Ligand code: PXG
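Residue numbers (the numbering used here): -13 to 451.
As structure tokens, then:
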């Protein structure tokens, strides 16, 4: 067999990809007809594809490459660890140095009483851990019926059976027998799409109080936990109104419900603090982490757990764990990533330089005829496309039609920006410079202009009635 390399013609790579590779969240036949874009290398915030195009990665891979691409130190850390101890498990009363060091570092970085880490290979696995952990916690406290986990429609918590059930994606629930029992969903705090005539503050309170109503309906003695992303990422960078989180926190405290903050996207500097919980003033009992923990250089995730929860679980045998829980190479790479984030003061760069610069330019896109709202916190941002700015109207065309066109126009202009329905979202590497932000914004505006022209030409600028 011939070796497959970066130097093969794109069409050949695409044909092999089509023949043997099944892509996530993709209609394979459609993709295989047109051929996948082949990414060959990356450096800083830039991606290179097999045709030699250089694209700004406005999505930091998939919300994860926080320190940017091409950091030799992480390659070195991986190679060093692979030579010394490429694998050992953390079952059967054993441990190893990288996992000890990473556990201590995370306990130091995480807020307050969050001092214990259960490692996993991904965010999905970590949220599966959380399902079993909160139920086992209450059972150990003599309350085995406290097993319902409340989550939100349009949340994303992963794609395994457990984490996909926690998530609120209707398309996922329609396939493969989800959600599992004892998961309950309330509505999301998306004021732009669902707020109607309420002010954002009224709406935020109303949506938070759905949690209280659900707890009362289901019974306080039945509800184990509430899980939420501080800011929904995959749902479209939905920034909740300021009134939302304080009310959620009050309800969790009052009814003795564990609060799980899913920090898979918000963690490790994305919102301008180490964790989104700090930016939004939340006091979680458990935080889910992954993605930015290693800047995506290695697959690793985990649950960072409070002293109280760990205290209860440590008194029993928790029959749970993964072959790669605390994988030494992934842990060594994560540690090196955290060292770089800390020593290079990358979160200060976000707070003082990159986020204010991006915010100014992003909000300026709000004057574009297609843009109904702009939202941004730290280095995660969204804009809602609309055919009619003043009424926040949706398009008459199927949801996602305009968003998809815009995403394609972004690609054509060498910018990776993702669409979620008709919202455009970005989440660039945290190390992005002001000049690179300016280029990103210029390309985004050009893509919006071209999207507007294409929608007009195709008669798709109609509002839904
Ligand atoms: N929680 C949150 C908040 C996430 O965003 C997960 C858990 C699951 O993590 P893993 O590592 O199992 O994928 C995620 C993942 C998208 C997209 O299209 C977002 C994610 C994954 C794939 C695609 O925006 N987020």
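Each residue gets a CB set at the ideal place from its N, CA and C atoms; glycine is no exception.
Predicted model, so just to flag it, every value in this text is computed and none were measured.
Any heavy atom of the ligand PXG within a distance shorter than 7 Å of the CB on residue i?
i, result
"residue 110", "yes"
"residue 407", "no"
"residue 148", "no"
"residue 281", "no"
"residue 248", "yes"
"residue 144", "yes"
"residue 287", "yes"
"residue 113", "yes"
"residue 220", "yes"
"residue 12", "no"
"residue 231", "no"
"residue 251", "yes"
"residue 404", "yes"
"residue 49", "yes"
"residue 457", "Residue numbering for the chain in the displayed model covers -13 to 451; residue 457 lies beyond these limits and cannot be assessed."
"residue 309", "no"
"residue -12", "no"
"residue 276", "yes"
How many angstroms separate the CA atom of residue i from the CA atom of residue j?
i, j, result
"residue 417", "residue 30", "8 Å"
"residue 104", "residue 308", "10 Å"
"residue 201", "residue 16", "44 Å"
"residue 314", "residue 71", "7 Å"
"residue 233", "residue 195", "7 Å"
"residue 338", "residue 423", "14 Å"
"residue 146", "residue 275", "16 Å"
"residue 369", "residue 409", "6 Å"
"residue 157", "residue 215", "19 Å"
"residue 376", "residue 387", "20 Å"
"residue 372", "residue 350", "16 Å"
"residue 425", "residue 223", "22 Å"
"residue 181", "residue -2", "49 Å"
"residue 440", "residue 358", "18 Å"
"residue 42", "residue 327", "21 Å"
"residue 212", "residue 203", "15 Å"
"residue 380", "residue 366", "23 Å"
"residue 108", "residue 118", "16 Å"
"residue 219", "residue 319", "24 Å"
"residue 231", "residue 13", "37 Å"
"residue 404", "residue 57", "24 Å"
"residue 310", "residue 382", "47 Å"
"residue 453", "residue 186", "Because the chain here runs from -13 to 451, residue 453 falls outside it and cannot be looked at."
"residue 111", "residue 246", "14 Å"
"residue 442", "residue 237", "47 Å"
"residue 390", "residue 3", "23 Å"
"residue 305", "residue 47", "34 Å"
Exposed or buried, residue i, counting other C-beta atoms within 10 Å across all chains shown (16 or more means buried)?
i, result
"residue 429", "buried"
"residue 226", "buried"
"residue 333", "buried"
"residue 90", "exposed"
"residue 45", "buried"
"residue -7", "exposed"
"residue 10", "exposed"
"residue 122", "buried"
"residue 421", "exposed"
"residue 316", "buried"
"residue 284", "buried"
"residue 150", "buried"
"residue 353", "exposed"
"residue 288", "buried"
"residue 73", "exposed"
Whole-angstrom Cβ separation of residue i and residue j, contact assumed at under 8 Å?
i, j, result
"residue 120", "residue 210", "5 Å"
"residue 173", "residue 138", "7 Å"
"residue 257", "residue 364", "4 Å"
"residue 127", "residue 298", "6 Å"
"residue 272", "residue 250", "Their Cβ separation, rounded to whole angstroms, is 12 Å, which puts residue 272 and residue 250 out of contact at 8 Å."
"residue 432", "residue 399", "5 Å"
"residue 253", "residue 278", "6 Å"
"residue 407", "residue 385", "5 Å"
"residue 293", "residue 99", "5 Å"
"residue 96", "residue 261", "7 Å"
"residue 175", "residue 190", "6 Å"
Contained beta strand (DSSP E) runs [length at least 3] in the segment 232 to 273, N- to C-terminal order: 244 to 248
Runs of beta strand (DSSP E) wholly within the segment 335 to 373 (minimum 3 residues, chain order): 357 to 363, 366 to 371
Runs of beta strand (DSSP E) lying entirely within the segment 103 to 143, each at least 3 residues, in chain order: 134 to 138
Secondary structure, alpha helix (DSSP H): runs of 4+ residues fully inside the segment 170 to 230: Contiguous alpha helix (DSSP H) elements confined to the segment 170 to 230 occur at 177 to 180, 186 to 204, taking only those with 4 or more residues.
Whole runs of the alpha helix (DSSP H) within the segment 13 to 74, excluding any shorter than 4 residues: 14 to 20, 46 to 49, 58 to 70
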